[in-house]
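Protein chains: 2
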Amino acid sequence: MSSLLIQNVRIMDGEAADILIRDGVVSRIAPGIEAPDVPVEPGGGLIAIPGLVDAHTHLDKSLLGWPWYKNDVGGASLTAMIENERNMKKSLGLDPHVQSMRHALKTAALGTTLIRSHVDIDTDAGLRAMEGVMETAARLADVVEIETVAFPQSGLMIREGTAELMDRALAMGADLVGGLDPCGVDRDPKGHLDTVFGLADKHGKGIDIHLHERGELGMFSMDMILDRAAALGMHGLVTISHAFCLGMPDFQRVEAMLERLAALDVRIMTTAPTSSPAPLVKQLDAHGIRIGAGNDGIQDTWGPYGNGDMLERAKFVGLRNNLRMDAEVKRALDICTGGGAEAMARPRRALETGAPGDVVLVAGETVAEAVVTHAPRKLVVKGGRVTARDGATLVAAP
Amino acid sequence: MSSLLIQNVRIMDGEAADILIRDGVVSRIAPGIEAPDVPVEPGGGLIAIPGLVDAHTHLDKSLLGWPWYKNDVGGASLTAMIENERNMKKSLGLDPHVQSMRHALKTAALGTTLIRSHVDIDTDAGLRAMEGVMETAARLADVVEIETVAFPQSGLMIREGTAELMDRALAMGADLVGGLDPCGVDRDPKGHLDTVFGLADKHGKGIDIHLHERGELGMFSMDMILDRAAALGMHGLVTISHAFCLGMPDFQRVEAMLERLAALDVRIMTTAPTSSPAPLVKQLDAHGIRIGAGNDGIQDTWGPYGNGDMLERAKFVGLRNNLRMDAEVKRALDICTGGGAEAMARPRRALETGAPGDVVLVAGETVAEAVVTHAPRKLVVKGGRVTARDGATLVAAP
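For the record, the sequence lines run as chains A and B. Sequential numbering of the first sequence, starting at 1, is according to full-length UniProt numbering. Sequential numbering of the second sequence, starting at 1, is according to full-length UniProt numbering.
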């Protein structure tokens, strides 16, 4: 952890001030700070925002650095996409460490200082992906903090041996237990969720479950998740990613579920998707439900989209939720910074004394403008250490 | 109209070839073309795509070039947004010619060579906006073709004198008659549509109606539009912009309406919105309905979003419609180029002999990559004349 004095920035487009980071933590924000023992970065009047947080991605999947992957599978069948990915990973001989380095550094160059990555665990590749991403996490510890979720992408009950691999992944240090569409993929919601919660209970770890199931099917799976979270007293330890079903057009039904989610302090991660129903920020905010956002996989066999930019993701959160007022756009950004970190049960990323010393300097007149134009990142600081300048990390990608 | 030989480009990421434009029209596409009488541009192996088409925007509204406009109105009430805009335009003293120059050149710098702009006609500003945009259209004729729609943004029946102003706007050269939410804004669908179609009939012009009304209300208004289009024999002359109601979750109801739209060759313009229902590309394609796309207003009192980039809009079309395959992403781009021009009843923008000589050179490995990364535009050619290099037009904005 380092110390740094960032001079003359506009704190979230407000008053000009300096930011003093000592031992990795914001220690003071004020104009004209004197700290002769600390290195100095001139801020040039740029806007300072907190380090960005990608609370849902897949570092082991991207094809960054490879020739363009021609997608002829499309998005019609989830099973076909899962099979295709597992086969392509094998036939291309993708190295999860190399791919996760490329992906994490691309995201870090754009100001992300904290990532939660789901990592595929399956009986074809075993623990290779988890080993590769954990190696990346260790090597980039000073650049971007990476949390891992052991994720049974190919199913848990339908592929024998997966639960044992998940168990080993957790024993070797995966941070959370993942899960996936208990009905849709495994066709065995009880088996799937008992296994997921059993692993979490055994290892004393939290859970982050992908739930793409829509409408009443998703509501059914969500209820089964919440039953187990309540039985195990897992308040604040369960995350549901995507949660498309919360976008169903039945206000009363959704409200009742939101009350239950809030009571168990379940966190919701969203990508603010445009082609599916989605949990809505204002509705969740009214219940005090913590929301994080993520870029999800980028440029992989699932689809060509995504560039690792969490400031652009804040724009997508704004567009998806019809957030037009400047204050609303700031809330979209908060979900991609402080709010996202809180949803991950990590210290809030914010420009406040005591917060992690993660700061991004962006061009632009106002924060709203920086979000809607996803303005150039001039400087990225992680824990008081400069990690990127002008959109390029100081550490080179393989 | 000019002539130009663009050497060594990849035609839509396919084979390397030269493009010869003579007198503004693509005359030949082949490797190693000899044309000693024609100026040459080296293409450097870049991808060539057709000129982009913004089929729905509002050139008179943008606040580009002004200090950041702090939005505290939001998106809750359409009436409040309309009132706020009319008042802000007056109090800021916006010059529609200057604003439309800025907006059109920003879009042109990013490769757009054809624009359809709705232009506000109301009893506060009279014909000022139309005069300003028509001045811009004349001045930029060599850079970007601009079509105008006389648009009663503040209502037609509820503000006496608006129909007369619309009539004058059409007499002075507006290309199409606009309309707006016949139920939602005017609360008089019969009055509104009789006036709109009456003006179109009188001036022998086409129609492009904004229809944000959702669900059954939108379907009702759409039926009333189609009744009049049929009665006046206006096949291929009516466009419905936005058409949110076609995204309602009632397949049979929507299919029946699509059949009716197809029979009258009505065209649909979409922005691929993320926070509202929307017409879906594959569903409309199945009926052969022509689709165009647009950026809508950018950075105006309605909201902070938008940057004038129709290649990014193609990405939004792809995301909104869950288009993941390379061939599908190319369809998204087609809607923002050739398909968009066809929807405007203009010559198809395409890299084919006989098409307008509008060509954009973009970086990237494949067209899909260029779309999803909205890759840098290296060169823009309009009618055989170079209009922009490296994202900047040769004509400066005021």
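Every residue, glycine too, gets a C-beta built ideally from N, C-alpha and C.
Quick check on residue i: buried or exposed, where buried means 16 or more other Cβ atoms within 10 Å of its Cβ?
i	result
A/Asp175	buried
A/Asp250	exposed
B/His56	buried
B/Ser221	buried
A/Val317	buried
A/Met134	buried
B/His235	exposed
B/Ser77	exposed
B/Trp302	buried
B/Asp296	buried
A/Asp72	exposed
B/Arg187	exposed
A/Asp181	buried
A/Gln99	buried
B/Ala256	exposed
A/Asp60	buried
B/Gln252	exposed
A/Lys330	buried
B/Gly44	exposed
Pull up the CB-CB distance for residue i and residue j, whole angstroms please, since I reckon it's below 8 Å.
i	j	result
A/Pro96	A/Ile121	About 11 Å; that fails the 8 Å criterion.
A/Ser241	A/Asp208	6 Å
B/Gly51	B/Thr373	With a Cβ gap of about 19 Å, B/Gly51 and B/Thr373 do not count as contacting.
Find the nearest neighbour of residue i within the set the options, judged by alpha-carbon distance.
i	options	result
B/Asp167	B/Arg187, B/Ile291, B/Gly198	B/Gly198
B/Asp23	B/Val185, B/Asp390, B/Ala375, B/Asp358	B/Asp358
A/Leu165	A/Cys183, A/Gly126, A/Val196, A/Glu145	A/Gly126
residue 406 of chain B	B/Ser276, B/Ala355, B/Val362	Since the first residue shown for chain B is 1 and the last is 398, residue 406 of chain B is missing from the structure and cannot be characterised.
A/Lys382	A/Ala141, A/Pro189, A/Asp181	A/Ala141
A/Pro39	A/His118, A/Asp18, A/Gly303	A/Asp18
A/Gly173	A/Ala137, A/Met157, A/Ala76, A/Cys183	A/Ala137
B/Thr270	B/Met344, B/Pro36, B/Glu365	B/Met344
A/Lys205	A/Glu147, A/Thr162, A/Gly155	A/Glu147
B/Tyr69	A/Met130, A/Ile33, A/Asp326	A/Asp326
A/Leu94	A/Ala109, A/Leu193, A/Asp300	A/Asp300
B/Met88	B/Lys190, B/Val119, B/Gly132, B/Asp124	B/Asp124
A/Gly65	A/Val238, A/Ala104, A/Glu213	A/Ala104
residue 400 of chain B	B/Leu110, B/Ala108, B/Thr112, B/Ala129	No answer is possible for residue 400 of chain B: it lies beyond the span of chain B, which begins at 1 and ends at 398.
B/Ser91	B/Arg102, B/Ala229, B/Leu63, B/Ile29	B/Leu63
B/Ile298	A/Leu319, A/Glu34, A/Tyr305, A/Asp285	A/Leu319
B/Val367	B/Gly340, B/Thr393, B/Val380, B/Asp334	B/Asp334
B/Glu216	B/Gly191, B/Asp194, B/His192, B/Gly247	B/Gly247
B/Gly178	B/Glu342, B/Gly306, B/His210, B/Gly184	B/His210
A/Gly184	A/Asp194, A/Leu170, A/Ser154	A/Ser154
A/Ile11	A/Arg377, A/Gly308, A/Leu361, A/Ala293	A/Leu361
Name the one or two DSSP bridge partners that residue i has.
i	result
A/Met269	A/Ser241, A/Gly292
A/Leu361	A/Ala48, A/Leu379
B/Pro42	B/Gln7
B/Ile146	B/Ile115
A/Gly179	A/Ile209
B/Val386	B/Val381
A/Val367	DSSP lists no partner for A/Val367.
B/Pro356	B/Val25
A/Phe151	A/Asp120
B/Val53	B/Leu114
A/Gly126	A/Asp122
For a cutoff of 7 Å on Cβ pairs, would you count residue i as touching chain A?
i	result
B/Gly75	yes
B/Thr366	yes
B/Pro304	yes
B/Val372	yes
B/Leu78	no
B/Arg86	no
B/Arg320	yes
Of all Cβ atoms in chain B, is any one closer than 7 Å to the Cβ of residue i?
i	result
A/Gly247	no
A/Glu369	yes
A/Lys70	yes
A/Asp326	yes
A/Asn295	no
A/Ser275	yes
Should residue i be listed as close to the ligand ATP, given that the test is whether its C-beta is under 6 Å from any heavy atom?
i	result
A/Leu165	The ligand ATP is not part of this structure, which contains no ligands at all.
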